[in-house]
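Read the structure below first, then the notes.
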Amino acid sequence: MSEDLLNIEINGQPLQARRGAMIIEAADAAGIQIPRFCYHKKLSVAANCRMCLVEVEKAPKPLPACATPVADGMKVRTRSALARDGQRSVMEFLLINHPLDCPICDQGGECELQDVAMGFGGDISRFQERKRVVKDKDIGPLIATDMTRCIHCTRCVRFGEEIAGVRELGATGRGEDMEIGTFVEKSVDSELSGNVIDLCPVGALTSKPFRYSARSWEMVQRSTIAAHDAVGSNLHVHVRRNRVMRVVPRENEDVNETWISDRDRFSYEGLYSEDRLSAPAIKRGGSWADVDWDVALDFAANGIRRVVAERGAQQLGALASPNSTLEELCLLQKLLRGMGSSNVDHRLRQADFSDQDVAPLFPWLGQSIADLELLDAVLLVGADVRKEQPLINNRLRKAALRGAGIMVVNALEPNFNYPTEAAMIVPPGDMPGVLAGIAKALGVRGGKRDKLLESAQVEPAHEAIAERLKNAGRASVLVGAFATSHPQAADLRALAGLICEAADAALGYLPAGANGAGAWLAGALPHRGPAGQMLADAGADAQAMMHDGLAGYVLLGVEPELDCWDSAAASNSLREADFVVALTAYRTSEMDEYADVLLPVSLFAETSGTFVNAEGRWQSFEAVAAPVGDARPGWRVLRVLGNLLDLEGFVYTDSQQIRDELKDKVGEARADNNAAWREPSRLDGKRSGLTRIGDVPVYAVDPVVRRGKALQGTRDACDARLGLNATVAAKLGLQQGDRARVTQEGGEVVLEVELDTRVPDDCVHVRAGVPGSVGLGPCIGEIKISKA
Amino acid sequence: MSEATGRKSDSLSAHAREEIDRWLERYPSDQRQSAVLAALQEVQHENGGFLTRELMDGVADYIGMPEIAVYEVASFYSMFELKPVGRHSISVCTNISCMLCGSDDILEYIEKKLGIKLGESTADGKFFLKKEEECLAACRSAPMMQVDHVYYEDLTPAKVDEILDKLE
Ligand code: SF4
Ligand code: FES
Ligand code: FES
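Which chain is which? The protein sequence lines are X and B, in order.
Under our numbering, the residue at position 567 of the first sequence is numbered 567, and the numbers go up by one with no gaps.
Under our numbering, the residue at position 133 of the second sequence is numbered 133, and the numbers go up by one with no gaps.
Below is the structure:
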């Protein structure tokens, strides 16, 4: 490789640089500062601001360092008289039209223009003319605009085109009339849009929810891990007086690169929502009272004891959010098991657990996040990866732009920001059939497989997908949230496994929540203890607990009517239980009804803990802000409960001890997806009537996100509606805008009809996790519709 | 999200599509955006001299480029009008050579004659006095103006009368 390294000299310092690198890259690597506005290492070179002018020996005039490739023996001077003169002049030009409103600008104090002007500019301007004024644009609830401040670096435009994959912003007009904007009245809707706030070197694009709430120098910057998806984006949290003021990315090339999703950036507003529970409360004789922690904990412990004594340990169960920390999940399962029950689960949106005993140590991505970029073919099974895991999608997008074939099997066609090669959009009940077709086309056979695939129909489309997977250098099948909540999820997993085996592809799962993988490791499962320890007697899974009804429940960060697979069953079981302890950050009217004690627990940023991301990376964090009111970290609450219940093994002084203990247990054990699925003996294709497609929208995935005010104002935040195609609508005698009665297993709601060509025949689209569908049954299952 | 009510390119006439297709043939198939200028010109011509958002969106859809990229082109080039304008487009060159030869007077004369200012259209929708054109490369016979794609040179007020009065 050494012939690809060139010798150059910057400011007299001898350096080596890769052939083809720009001067600015070599300087950055050596820590030599060159001012810049338009250059960004993750974006294409535009070279339009000219701030990076440097002197290059033998060049007659200063050259832009961001667009000048290094050459062997090149001698660069970044602070010579020529370079400085160039930089000062460019700065003077840039300031001709830039307003002097720094005192009221949110960017003040962290503005690249301010910094560079201080470091490289002159101290007076010779321009006395009037400055131009540009009208601000309303581009949605996340990003505030002050377009007069724009210096036309086009970073935001290039971000849209190159990273977000949707060109929403552009530079219209010419010369002095050039403006950055959407040109027409329109919001910027990308799930990564907030990154332009960080990219914008000036205060033209700033955070709308944060606007005018703090100055940058009043805040301290602390580190944590994002709490909503399986990427585990690294974050910086900006805190003032122990309150989270805003969230920005912390660079980690292996995980989130320099980006974060809008969900991770703006969800912090949910920490301070009005229904935040600030003090423990207990229900006695049907009425609620705020009490001290001691009283509440005693009350909770006594209630749990009573359930076990009177109804038996098997009547006690626990449901945990997959966004809980490893430590919380560890203690929760320990508490339950200490009481003699293995009824504990975090797989709230699943229904088919039939293959759980052969599952891997934890279902994971099957490869590193960064390696996704190297894939040549990907089959996405029941995955709206762009909304589920925005930054995993970003890696797949890079693969797709490199030429990888992205193929889809799903019930609703997701919106992609890159080209896909094939999409099999079928009713949920037909998804196993499609995978079987692909498996058969791949030549899967032998033993019981022949029988299994006997009736599988191989269509040309299946063959094409099979070919593409098989001929790819690196291929992967990724199983997403919709497939995981499918009533035949085990079949889908098995068929995906068969496909991977035959096509030599990596089988990957997109785990739920921020810590789905960690929940498996912690043993928040009915059939396995911590570190995958097999248990002789499996407890009840999440579905069984909700469907059969237990006498007592412990809830950790869950709003069951929104977070569970079957909203109706969840609400009913909880309402009928004798005793419900809710460790929760919020207080809702539903909780008031079903719970007996509410214990306020900390949310992300307020607690220390660990998340394990999709690739199995353990990321621990400290609390970075004070919990609201009297809330306490969940692991502490569980520790005290364990002590009050006289259980063994609840003597921890900090959360790290819990993690280290688990880490020792896990040791070198690795999760192997590819060997871990059970071949079904037959595919059961029964299907009658209409099927509900109940996916969970991106901003409805967990209690915190659901309370993110700004996120809830975006176009991606949507409530339930009855989506159906024209054929189905005609059959049901429904028209756009009609109100329809939607019934599922006793639950009934009235929804507005929306015609949607994306919904396949025999199906209706009724989202889950949103208020409008609370009280309905399974998110994928039979549904009845009539005109209201 | 809801039922697609046809494609955005439906806003283009059959003739416009044919014209655009003709241009598309001249460029490599992965460089379709190269035809955008010609496409916009054709569509503007058919639409009486200006573009609408529907037409620009139609072009974007037909060629397969982001809408904003079409807006960028349409708003950059002065030959595109984004608001309704008069039938006959008059561009008086006011650049250096023409200015030295009296273009300011010519312009003033036209403004008075038509009763409109630069950038405006006459109430009867007949004339549009286009704003500031750059040098139109006819300096040799300055002052000059361009009316509906035709160059008129060595202008005098009398000549202006003659040219404009002839128009329907
Ligand atoms: S808005 Fe900001 S990022 Fe976009 S072009 Fe202007 S200065 Fe650059
Ligand atoms: S940073 Fe080099 S021209 Fe803008
Ligand atoms: S200056 Fe008018 S044509 Fe050149």
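Cβ atoms here follow ideal geometry from the backbone N, Cα and C, with glycine treated the same way.
Review point. For ILE116 (chain B), which of helix, strand or coil comes out of DSSP?
Key: Mapped onto the second sequence, residue 116 (chain B) falls at position 116. Coil, per DSSP.
Review point. So the beta strand (DSSP E) GLN457 (chain X) belongs to, where does it begin and stop?
Key: Reading the first sequence from its first residue, position 457 is the one you call residue 457 (chain X). Unbroken run through GLN457 (chain X): none, as it is neither H nor E.
Check your understanding: Can you find a CB in chain X that lies within less than 9 Å of the CB of SER91 (chain B)?
Key -> By 1-based counting over the second sequence, the position of residue 91 (chain B) is 91. Chain X contact via Cβ: absent.
Check your understanding: Hey, is the stretch 524-532 of chain X in contact with the stretch 495-513 of chain X, meaning 3+ C-beta pairs nearer than 8 Å?
Key -> no
Review point. With a CB to CB cut of under 6 Å and the five nearest residues on each side skipped, what residues in its chain are close to VAL295 (chain X)?
Key: Residue mapping note: residue 295 (chain X) aligns to position 295 of the first sequence, counting from 1. Here the set comprises nothing.
Point to revise | Whole-angstrom distance between THR52 (chain B) and ARG155 (chain X), CA atom to CA atom | key: Translated into positions along the first sequence, residue 155 (chain X) becomes position 155. Translated into positions along the second sequence, residue 52 (chain B) becomes position 52. Taking the straight line joining both Cα atoms gives about 28 Å.
Review point. DSSP puts ALA320 (chain X) in a beta bridge; with which residues?
Key: Looking up residue 320 (chain X) in the first sequence gives position 320. Answer is X:LEU556.
Practice item. Would you check if the distance between the CB atom of ALA788 (chain X) and the CB atom of LEU755 (chain X) is smaller than 9 Å? Key: What you label residue 788 (chain X) is simply residue 788 of the first sequence in a count that begins at 1. What you label residue 755 (chain X) is simply residue 755 of the first sequence in a count that begins at 1. Going by C-beta atoms, ALA788 (chain X) is not nearer than 9 Å to LEU755 (chain X).
Practice item. Excluding the 5 residues preceding and the 5 following HIS547 (chain X) in the sequence, name in chain order all residues of the same chain whose CB lies nearer than 6 Å to its CB. Key: Position 547 of the first sequence holds residue 547 (chain X). Hits under 6 Å: ALA569.
Point to revise | Sequence-ordered residues whose beta carbon comes within less than 6 Å of a heavy atom of ligand 3 | key: B:CYS93, B:ASN95, B:ILE96, B:SER97, B:CYS98, B:CYS135, B:LEU136, B:ALA137, B:ALA138, B:CYS139, B:ALA142 and B:MET144
Exercise for review: Compute the distance between the beta-carbons of VAL202 (chain X) and GLU112 (chain X), then report whether it is under 9 Å.
Suggested key: For the purposes of this step, residue 202 (chain X) is taken as the residue at position 202 of the first sequence. For the purposes of this step, residue 112 (chain X) is taken as the residue at position 112 of the first sequence. In contact: VAL202 (chain X) and GLU112 (chain X) (Cβ atoms closer than 9 Å).
Review point. By the 10 Å Cβ neighbour count, where 16 or more other Cβ atoms means buried, how is HIS45 (chain B) classified, buried or exposed?
Key: Locating residue 45 (chain B) in the second sequence gives position 45, counting from the first residue. Exposed, by the Cβ-count rule.
**Study point:** Reduced DSSP category for TRP677 (chain X) - H, G, I as helix; E, B as strand; rest coil
**Key:** Translated into positions along the first sequence, residue 677 (chain X) becomes position 677. TRP677 (chain X): coil per DSSP, three-state reduction.
Practice item. Give the DSSP bridge partners of ASN234 (chain X), in chain order. Key: Here residue 234 (chain X) is taken as the residue at index 234 of the first sequence, counted from 1. DSSP output for ASN234 (chain X) lists X:ILE225 as bridge partner(s).
Exercise for review: Would you list the one or two residues that DSSP bridges to LEU550 (chain X)?
Suggested key: In the first sequence, the residue the question calls residue 550 (chain X) occupies position 550. Answer is none; LEU550 (chain X) lacks a bridge partner.
Check your understanding: DSSP on GLU191 (chain X), reduced to helix/strand/coil?
Key -> Residue 191 (chain X) sits at position 191 when you count from the first residue of the first sequence. Three-state DSSP puts GLU191 (chain X) in coil, outside helix and strand.
Exercise for review: Say whether the stretch 776-783 of chain X touches the stretch 685-700 of chain X, bearing in mind that this needs 3 or more beta-carbon pairs closer than 8 Å, one atom from each stretch.
Suggested key: yes
Review point. So GLU782 (chain X) is in the beta strand (DSSP E); what residue range does that whole segment cover?
Key: If you number the first sequence from 1, residue 782 (chain X) lands on position 782. Where GLU782 (chain X) is concerned, the enclosing beta strand (DSSP E) stretches over 780-787.
Point to revise | Between the CA atoms of PRO363 (chain X) and LEU662 (chain X) - distance to the nearest angstrom | key: One-based indexing of the first sequence puts residue 662 (chain X) at position 662. One-based indexing of the first sequence puts residue 363 (chain X) at position 363. Looking at the two C-alpha atoms, the distance is approximately 18 Å.
Practice item. Answer yes or no: the CB of ILE180 (chain X) versus the heavy atoms of ligand 1, is any distance below 8 Å? Key: Taking the first sequence and counting its residues from 1, the one referred to as residue 180 (chain X) is at position 180. Because some heavy atom of ligand 1 lies under 8 Å away, the Cβ of ILE180 (chain X) counts as near it: yes.
**Study point:** Environment of LYS166 (chain B) [buried if 16+ CB atoms lie within 10 Å]
**Key:** Counting from one through the second sequence, the residue named residue 166 (chain B) turns up at place 166. It counts as exposed.
Practice item. Report the three-state DSSP secondary structure of LEU107 (chain B) (helix, strand or coil). Key: Your numbering for residue 107 (chain B) matches position 107 in the second sequence. It is helical.
Review point. Per DSSP, GLY405 (chain X) is paired with what?
Key: As a first step, residue 405 (chain X) must be located in the first sequence, where it is residue number 405. Answer is X:ALA377, bridged to GLY405 (chain X).
Check your understanding: Alpha carbon to alpha carbon, how far is LEU118 (chain B) from CYS98 (chain B)?
Key -> Mapped onto the second sequence, residue 118 (chain B) falls at position 118. Mapped onto the second sequence, residue 98 (chain B) falls at position 98. Approximately 17 Å between the Cα atoms of the pair.
**Study point:** Contacts of ALA422 (chain X) in chain B (Cβ-Cβ under 7 Å)
**Key:** For the purposes of this step, residue 422 (chain X) is taken as residue 422 along the first sequence, with counting starting at 1. In chain order: nothing, as chain B lies at least about 20 Å away.
Review point. Which value, in whole angstroms, describes the spacing of the CA atoms of THR145 (chain X) and MET178 (chain X)?
Key: As a working mapping, residue 145 (chain X) is identified with position 145 in the first sequence. As a working mapping, residue 178 (chain X) is identified with position 178 in the first sequence. In a straight line, the C-alpha of THR145 (chain X) is about 16 Å away from that of MET178 (chain X).
Review point. Under 8 Å from any heavy atom of ligand 1, does the C-beta of ALA16 (chain B) make it?
Key: Here the question's residue 16 (chain B) lines up with position 16 in the second sequence. Outside the cutoff, so no.
Practice item. Can you say whether ASN725 (chain X) is buried or exposed, counting buried as having 16 or more other CB atoms within 10 angstroms of its CB? Key: As a first step, residue 725 (chain X) is located in the first sequence; it is residue number 725 there, counting from the start. Buried: at least 16 other Cβ atoms inside 10 Å.
Check your understanding: Residues in the stretch 60-76 of chain B with C-beta within 7 Å of chain X's C-beta atoms, listed in sequence order?
Key -> PRO66, ILE68, ALA69, TYR71, GLU72, SER75 and PHE76
Check your understanding: For GLY20 (chain X), which three-state DSSP category applies?
Key -> As a first step, residue 20 (chain X) must be located in the first sequence, where it is residue number 20. GLY20 (chain X): coil per DSSP, three-state reduction.
Review point. In this structure, does DSSP put MET1 (chain B) in helix, strand or coil?
Key: As a working note, residue 1 (chain B) is residue 1 in the second sequence. Below a pLDDT of 50, predicted positions are generally treated as unreliable, and MET1 (chain B), at 38, falls in that range; the measurement from the model is reported next regardless. Note: MET1 (chain B) maps to coil in three-state DSSP.
Practice item. Name, going along the chain, the residues of the stretch 43-56 of chain B whose beta-carbon falls closer than 7 Å to a beta-carbon of chain X. Key: ARG53
Review point. Which same chain residues, not among the five before or five after VAL43 (chain B), have their C-beta less than 7 Å away from its C-beta?
Key: Walking along the second sequence from the start, residue 43 (chain B) turns up at place 43. So the list reads LEU12, ALA16, LEU51, LEU55 and VAL59, once near-sequence residues are dropped.
Review point. Which one of X:GLY689, X:ASP596 and X:GLY629 has the shortest CA to CA distance from LYS283 (chain X)?
Key: Position 283 of the first sequence, counted from the first residue, corresponds to residue 283 (chain X). Considering only alpha carbons, the answer is X:ASP596.
Review point. If you draw a straight line from the C-alpha of ALA672 (chain X) to the C-alpha of ARG474 (chain X), how long is it?
Key: The residue labelled residue 672 (chain X) in the question sits at position 672 within the first sequence. The residue labelled residue 474 (chain X) in the question sits at position 474 within the first sequence. Correcting the residue identity first, residue 672 (chain X) is Asp in this sequence and not Ala. Those two C-alpha atoms are separated by around 17 Å.
**Study point:** LYS155 (chain X) beta carbon near ligand 1 (any heavy atom closer than 8 Å)
**Key:** Residue 155 (chain X) sits at position 155 when you count from the first residue of the first sequence. Inspection of the sequence shows that residue 155 (chain X) is occupied by Arg rather than by Lys. Yes, ligand 1 has a heavy atom inside 8 Å of this Cβ.
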